[in-house]
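K.L.:
Residue numbers (UniProt numbering): 1 to 164. Using N, Cα and C, we set each Cβ at its ideal position, and we do this for glycine too. Just so we're clear, the structure is a prediction, and the values are computed from it rather than from any experiment.
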């Protein structure tokens with residue numbers, strides 16, 4: 001029997017802030033095997049955590065900002081083929097929007113060069129640096145007002161509890 005195909009489940013945080021007249025989004029600059037890229041705070045779902053817990057953890061690890069998810073912007077799929085290795089991965093991304101309530105003085109995850117605030121126009125102008133083609137789609141959906149309540153997300157306690 002052949003193995004069941006499974007996409008790589010990831011989460012992403014869309015974090016807006018109003019800075020005077022500028023609407024900015026929290027982004028990260030990271031180094032990867034394929035070079036330096038720009039991304040939202042994003043990463044893989046770990047064992048024993050909900051999607052909401054994953055996006056909170058990833059945002060803290062990559063930006064040192066405490067994130068509170070407020071809505072699900074959407075779910076997205078894309079295929080990535082590494083230009084260096086040729087390895088192919090399909091990602092299933094859950095993008096959340098919310099706010100940051102605190103910034104902490106802590107080191108960023110390995111490979112994260114910095115967290116920065118950028119306008120949509122600035123993000124649009126550097127598409128060649130985007131780690132994922134989903135960055136713009138998530139932002140466009142957010143700016144269009146697309147939101148689903150977090151109540152649509154359910155994680156059975158068997159996932160997050162270590163006891164049976």
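Can you give the Cα-Cα distance for residue 108 and residue 156, rounded to whole angstroms?
P.N.:
If you number the chain shown from 1, residue 108 lands on position 108. If you number the chain shown from 1, residue 156 lands on position 156. Taking the straight line from one Cα to the other gives about 30 Å.
K.L.:
Return the first residue and the last residue of the alpha helix (DSSP H) that residue 137 is part of.
P.N.:
Looking up residue 137 in the chain shown gives position 137. Counting along the chain, the alpha helix (DSSP H) containing residue 137 begins and ends at 134–143.
K.L.:
Return yes when the Cβ of residue 98 is within less than 8 Å of the Cβ of residue 69, no when it is not.
P.N.:
Residue mapping note: residue 69 aligns to position 69 of the chain shown, counting from 1. Residue mapping note: residue 98 aligns to position 98 of the chain shown, counting from 1. Contact flag set, yes.
K.L.:
CB-CB under 8 Å to residue 146, same chain, minus the five flanking residues each way: which ones, in chain order?
P.N.:
Locating residue 146 in the chain shown gives position 146, counting from the first residue. Within the same chain, residue 146 has close Cβ partners 73 and 74.
K.L.:
What is the DSSP secondary structure of residue 149, reduced to helix, strand or coil?
P.N.:
Residue numbering aside, residue 149 sits at position 149 when the chain shown is read from its first letter. Coil, per DSSP.
K.L.:
Taking the straight line between their C-alpha atoms, what separation do you get for residue 225 and residue 3?
P.N.:
Outside the displayed range of the chain (1 to 164) lies residue 225, so it cannot be described from this structure.
K.L.:
Pair every Cβ in the stretch 48–64 with every Cβ in the stretch 78–89, then say whether three or more of these pairs are closer than 8 Å.
P.N.:
no
K.L.:
Judging by CA-CA distance, which residue of 95, 129, 71 and 103 is the nearest neighbour of residue 148?
P.N.:
Translated into positions along the chain shown, residue 148 becomes position 148. Residue 71 is the option with its Cα nearest to residue 148.
K.L.:
Going by DSSP, name the residue or residues bridged to residue 79.
P.N.:
Position 79 of the chain shown, counting from 1, holds the residue named residue 79. Paired residue(s): 90.
K.L.:
In three-state DSSP terms, what is residue 17?
P.N.:
Residue mapping note: residue 17 aligns to position 17 of the chain shown, counting from 1. In the structure shown, the three-state DSSP call for residue 17 is strand.
K.L.:
I need the straight-line Cα distance from residue 112 to residue 154, nearest angstrom please.
P.N.:
Sequence index remark: in the chain shown, residue 112 carries index 112 (1-based). Sequence index remark: in the chain shown, residue 154 carries index 154 (1-based). Straight-line Cα distance between these residues: approximately 30 Å.
K.L.:
Where do the N-terminal and C-terminal ends of the alpha helix (DSSP H) with residue 57 fall, by residue?
P.N.:
The residue you call residue 57 lines up with position 57 of the chain shown. Its alpha helix (DSSP H) spans residues 51–63.
K.L.:
Once the 5 residues before and after residue 127 are set aside, which same chain residues still bring their CB inside 6 Å of it?
P.N.:
As a first step, residue 127 must be located in the chain shown, where it is residue number 127. Correct list: empty, nothing qualifies.
K.L.:
Could you give the distance in angstroms between the alpha-carbon of residue 33 and the alpha-carbon of residue 131?
P.N.:
Position 33 of the chain shown, counting from 1, holds the residue named residue 33. Position 131 of the chain shown, counting from 1, holds the residue named residue 131. So the alpha carbons of these two residues sit roughly 11 Å apart.
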